[in-house]
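Structure first, commentary second.
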Amino acid sequence: MNQPVRVKTLKIDDRDVSGREDETILEVARQNGIFIPTLCHLEGLTSIGACRLCLVEVKGVSRLLPACVTRVEEGMEVYTQSERLQKYRRMVLELIFSERNHICSVCVVNGNCELQSMAQTLGMTHVSVPYRFPRLPVDASHERFVVDHNRCILCTRCVRVCDEIEGAHTWDVMGRGIDSRVITDLNQPWGESETCTSCGKCVSVCPTGALFEKGKPVTERLKRRQSLSYLAMMREGRR
Amino acid sequence: MTPEELRKLASSQEEARPEPKHRIKICVAAGCLSARSDQVLQALQDEIARRGLTDECEVKGVGCLGLCTAGPLMVVEPEGVMYEGVTPEDASDIVNSLGGKPVERLLCPADSPFFQKQYKIVLENSGLIDPEKIEDYIARDGYTALARVLEEMTPQEVIDEITRSGLRGRGGAGYPTGLKWSTVAKAGGSRKFVICNADEGDPGAFMDRSVLESDPHRVLEGMAIAAYAVGASQGYLYVRAEYPLAVKRLRTAIRQAERLGLLGNNICGTTFSFHVDIRLGAGAFVCGEETALIASIEGKRGQPRPRPPYPAEYGLWGYPTLINNVETFANVAPIIRNGGDWFASIGTEKSKGTKVFALAGSVKNTGLIEVPMGITLREIIFEIGGGIPEGRRFKAVQTGGPSGGCIPEQYLDMPVDYESLAKVGSIMGSGGMIVMDETSCMVDVAKFFMEFCMTESCGKCVPCRVGTAQMYDILQKITTGEASMDDLALLEDLCDMVKHTSLCGLGQTAPNPVLSTLQYFREEYIAHIVDKQCPAGVCQIHRREGH
Chain G
1 MNQPVRVKTL
11 KIDDRDVSGR
21 EDETILEVAR
31 QNGIFIPTLC
41 HLEGLTSIGA
51 CRLCLVEVKG
61 VSRLLPACVT
71 RVEEGMEVYT
81 QSERLQKYRR
91 MVLELIFSER
101 NHICSVCVVN
111 GNCELQSMAQ
121 TLGMTHVSVP
131 YRFPRLPVDA
141 SHERFVVDHN
151 RCILCTRCVR
161 VCDEIEGAHT
171 WDVMGRGIDS
181 RVITDLNQPW
191 GESETCTSCG
201 KCVSVCPTGA
211 LFEKGKPVTE
221 RLKRRQSLSY
231 LAMMREGRR
Chain V
1001 MTPEELRKLA
1011 SSQEEARPEP
1021 KHRIKICVAA
1031 GCLSARSDQV
1041 LQALQDEIAR
1051 RGLTDECEVK
1061 GVGCLGLCTA
1071 GPLMVVEPEG
1081 VMYEGVTPED
1091 ASDIVNSLGG
1101 KPVERLLCPA
1111 DSPFFQKQYK
1121 IVLENSGLID
1131 PEKIEDYIAR
1141 DGYTALARVL
1151 EEMTPQEVID
1161 EITRSGLRGR
1171 GGAGYPTGLK
1181 WSTVAKAGGS
1191 RKFVICNADE
1201 GDPGAFMDRS
1211 VLESDPHRVL
1221 EGMAIAAYAV
1231 GASQGYLYVR
1241 AEYPLAVKRL
1251 RTAIRQAERL
1261 GLLGNNICGT
1271 TFSFHVDIRL
1281 GAGAFVCGEE
1291 TALIASIEGK
1301 RGQPRPRPPY
1311 PAEYGLWGYP
1321 TLINNVETFA
1331 NVAPIIRNGG
1341 DWFASIGTEK
1351 SKGTKVFALA
1361 GSVKNTGLIE
1371 VPMGITLREI
1381 IFEIGGGIPE
1391 GRRFKAVQTG
1401 GPSGGCIPEQ
1411 YLDMPVDYES
1421 LAKVGSIMGS
1431 GGMIVMDETS
1441 CMVDVAKFFM
1451 EFCMTESCGK
1461 CVPCRVGTAQ
1471 MYDILQKITT
1481 GEASMDDLAL
1491 LEDLCDMVKH
1501 TSLCGLGQTA
1511 PNPVLSTLQY
1521 FREEYIAHIV
1531 DKQCPAGVCQ
1541 IHRREGH
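First to last, the sequence lines map onto chains G and V.
Taken in order, the first sequence gives residues 1 to 239; the numbers are from this note's numbering.
Taken in order, the second sequence gives residues 1001 to 1547; the numbers are from this note's numbering.
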């Protein structure tokens, strides 16, 4: 049962592009080699528009729109690189860096971290807001993995991959606002979790050093984030 | 049930009880209740029973009479005398005075501007009917609008009437109600839902609470009419659990309406069915945001999601959903009864009808008021509110709660409507109105609201989660005299960024109290930072050596 697919033509950064009606601005931009930064987004998981790095300007719309969840429309004129956007994106990063402890030199994923490379890509040279540095616990109770809340940026990729791909829903978020934290089961130690299947998907999608594998040297802690797109493709049975 | 049958029912209820010679109506809504009005009610009933006057005199608990500051309030009929600050000890004096001279020392002047300047649509039954008796509501034309809609009008005609009235959402944003209804009506699908947002959370605001506690059937009738118009058969009332009295009265009201066939299956003998269930909020301010509210009803974590798609298209469990605020639904029945043109004749060009405000802070008469749109702030504060107590000077009025702003003296003659308030950096909001005098420090006020937003942020998006915390820290530094002018510049940068990049309304409006106080009271910020002084004497400035 093949439904006819409608195709929309639009402009991104003054370039003529086209996309299917169910595609987002981000997808179409990436197909055309146009870079829009993201952190919470990961292909294969539901997009939630939470990190706000992918905000873009659309002509005629007063609000900034998250590219990861905004569908393309006919005649849309999208701008992804205005000075204002770049400033906001750097500030988002600065806020993330100020929120918890993100000292790269003592981090287990130094050199293999999405937050770190995003800061380099977006030209973040300093953090203008004061560091908050809360003292958060490190849970190493799981036999293979560790969660270090001091490195977590609350992107909830782990929550989504565990729920949507693995189907275990071990991870969730507890607390509100600045006190939010990812938890396993009902805030039990990870090692005592009854639902965790130890599949390690959460670890491989984590953009930072918040989730990592025990007993491996830093240089071998490469994360396999792309494996997801294959899983997602098989699941959806299309593309 | 036809309107005639309804009326017959109401009058038969009246006839069943012999008309008492005297009727004492005492407010048992939250404000007066906290001033022991339930004990006064009990004392009066005991006194009357003791004297064997039960047949002659009826004591009735009713909804909010408005002037909460003078509670407990009561009205004695048929004289129409109003008493204020009544205590259980006054019971015998009041019963003595029945039919004679009123008790001088308790009199509350009902001809004061506080009562005279108001225009009541939403609160028309408030203080007149017993909120726990459906007969009282029916006796005042209750449910006739629903009966008429089902008998005579098509859903499209109902929507047209609401559109003609110019009613706009009373939850704060002011989205045209008729347009919202027609969007949901047009959305396809087998199931649709109607949700009433009663998750009132602004500090100092209690409009919805009063409506629910004083006249719950009005909201149910509005929801039923809306359900008929958009084609829904199930509704949810999302009430905060902190309103136990409202919840109790709503439960009673739903049961009563179902028993009379005004809710449930085959309403009024037609094919239209509409069920209403109550869902309790667990104390999260953000659940007043419609997508977070829907997530909460679905049993998920109460977090907003990006819109579009809007709930009108993709709402509760993915079905088209109409969400309106309590006050919006409370306006529906009067509009159907009196016509959209009648409603549109009240108010200003773009803001029609009336608005209920919870007047609080530094005014003589605090309480619940309903005024026509377009009234000036000066009339509200100085005539209805009676001005600032103890001869102090007015400084600013905060409208719209944590999403609103502080309006200074120069705009007091501005009409109160959606556009004017937005123009001066505030919003209509749900109707909280906090008056501040010279003893309030505006930086401290901004800090209070920022702390509220910080603790109520859901934590989903970065700008709101971290930005509000950083802004709060800077405000904290300013109020303790530890900030520099660089901090102020950073605060302004953060305000701009959080406003434009946050995911939902909570974050997008969180900087408003800071922005508006910076706009009108910048010198107070400078005084804290440069002179290390709090002009109002509120903040504890830490003086360091060398300053």
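Backbone N, C-alpha and C fix where the C-beta goes; we use that ideal spot for every residue, glycine too.
Every value quoted in this text rests on a predicted model; they were computed, and no experiment measured them.
Under 8 angstroms between C-beta atoms, does residue i make it to chain V?
i	result
Cys162 (chain G)	no
Gly175 (chain G)	yes
Pro134 (chain G)	no
Arg240 (chain G)	With chain G represented from 1 up to 239, any question about residue 240 (chain G) goes unanswered, as that position is not in the structure.
Ile103 (chain G)	no
Tyr88 (chain G)	yes
Ser18 (chain G)	no
Met91 (chain G)	yes
What does the Cβ neighbour count give for residue i, buried or exposed, with the cut at 16 atoms within 10 Å?
i	result
Cys152 (chain G)	buried
Lys201 (chain G)	buried
Ile1388 (chain V)	buried
Lys1101 (chain V)	exposed
Asn187 (chain G)	exposed
Ala1542 (chain V)	According to the sequence provided, residue 1542 (chain V) is His. The question's Ala does not apply to it. By the neighbour-count rule (16 or more Cβ atoms within 10 Å), His1542 (chain V) is not buried but exposed.
Arg1259 (chain V)	exposed
Trp1317 (chain V)	exposed
Lys1060 (chain V)	buried
Lys1008 (chain V)	exposed
Arg224 (chain G)	exposed
Val284 (chain G)	Because chain G in this structure spans residues 1 to 239, residue 284 (chain G) falls outside the shown range and cannot be described.
Gln1470 (chain V)	buried
Arg1251 (chain V)	exposed
Ile103 (chain G)	exposed
Lys1186 (chain V)	exposed
Gln1303 (chain V)	buried
Just to make sure I have the definition right: I need the residues of chain V whose C-beta is within less than 7 angstroms of the C-beta of residue i. Which are they?
i	result
Gly49 (chain G)	Pro1306, Leu1503
Glu99 (chain G)	Val1466
Val69 (chain G)	Pro1306
Between residue i and residue j, which are expected to be in contact by the criterion C-beta below 8 angstroms, what is the C-beta distance as a whole number of angstroms?
i	j	result
Gly177 (chain G)	Cys1458 (chain V)	7 angstroms
Pro1320 (chain V)	Lys1180 (chain V)	Not really, about 11 angstroms apart at Cβ, beyond 8 angstroms.
Thr1399 (chain V)	Met1373 (chain V)	The pair is not a contact, with the Cβ atoms about 13 angstroms apart (cut-off 8 angstroms).
Pro207 (chain G)	Glu114 (chain G)	4 angstroms
Gly1172 (chain V)	Gly1429 (chain V)	4 angstroms
Can you find a C-beta in chain G that's less than 8 angstroms from the C-beta of residue i?
i	result
Pro1216 (chain V)	no
Cys1287 (chain V)	no
Met1450 (chain V)	no
Cys1458 (chain V)	yes
Met1153 (chain V)	no
Leu1412 (chain V)	no
Thr1455 (chain V)	yes
Arg1301 (chain V)	yes
Met1497 (chain V)	yes
Distance, Cα to Cα, residue i vs residue j?
i	j	result
Thr1163 (chain V)	Met1436 (chain V)	37 angstroms
Leu95 (chain G)	Lys1447 (chain V)	19 angstroms
Met1207 (chain V)	Ala1257 (chain V)	23 angstroms
Glu1296 (chain V)	Val173 (chain G)	Inspection of the sequence shows that residue 1296 (chain V) is occupied by Ser rather than by Glu. Roughly 15 angstroms separates the two Cα atoms.
Arg238 (chain G)	Gly1353 (chain V)	Low local confidence applies: a pLDDT of 44 at Arg238 (chain G) is under 50, so the model's placement there is unreliable, with the coordinate-based value given in what follows. Arg238 (chain G) and Gly1353 (chain V): Cα-Cα distance of roughly 53 angstroms.
Glu1456 (chain V)	Leu55 (chain G)	24 angstroms
Tyr1238 (chain V)	Leu122 (chain G)	43 angstroms
Gly1546 (chain V)	Ser47 (chain G)	Bear in mind that a pLDDT of 45 at Gly1546 (chain V), under 50, signals an unreliable position, so the number given afterwards is only what the model happens to contain. About 54 angstroms.
Arg181 (chain G)	Pro1309 (chain V)	28 angstroms
Gly1264 (chain V)	Arg1023 (chain V)	34 angstroms
List the residues of chain V that residue i touches, going by C-beta distances under 8 angstroms, in chain order.
i	result
Pro230 (chain G)	The sequence given here has Tyr at residue 230 (chain G), not Pro. The premise fails here: Tyr230 (chain G) is roughly 27 angstroms from chain V at the closest Cβ pair, so nothing lies under 8 angstroms.
Met76 (chain G)	Result: empty, since nearest Cβ-Cβ is about 14 angstroms, beyond 8 angstroms.
Arg82 (chain G)	For the record, residue 82 (chain G) in the displayed sequence is Ser; it is not Arg. Within chain V, no residue comes near Ser82 (chain G); the closest Cβ sits about 12 angstroms away, beyond 8 angstroms.
Pro130 (chain G)	Gln1470, Asp1473
Run through chain V and tell me which residues come within less than 9 angstroms of residue i, C-beta to C-beta.
i	result
Leu55 (chain G)	His1500, Thr1501
Leu64 (chain G)	His1500, Thr1501
Ser141 (chain G)	What Ser141 (chain G) touches in chain V: nothing, since even the nearest Cβ is about 24 angstroms away.
Leu154 (chain G)	Gly1459, Lys1460, Val1462, Arg1465
By the criterion of Cβ-Cβ separation under 8 angstroms, what are the contact partners of residue i in chain G?
i	result
Cys989 (chain V)	The shown model of chain V, from 1001 to 1547, leaves out residue 989 (chain V), and the question about it has no answer.
Could you name the residues of chain G that residue i contacts, counting a contact when the two beta carbons are closer than 9 angstroms?
i	result
Leu1518 (chain V)	Residues of chain G passing the Cβ test: none, with the nearest at roughly 18 angstroms.
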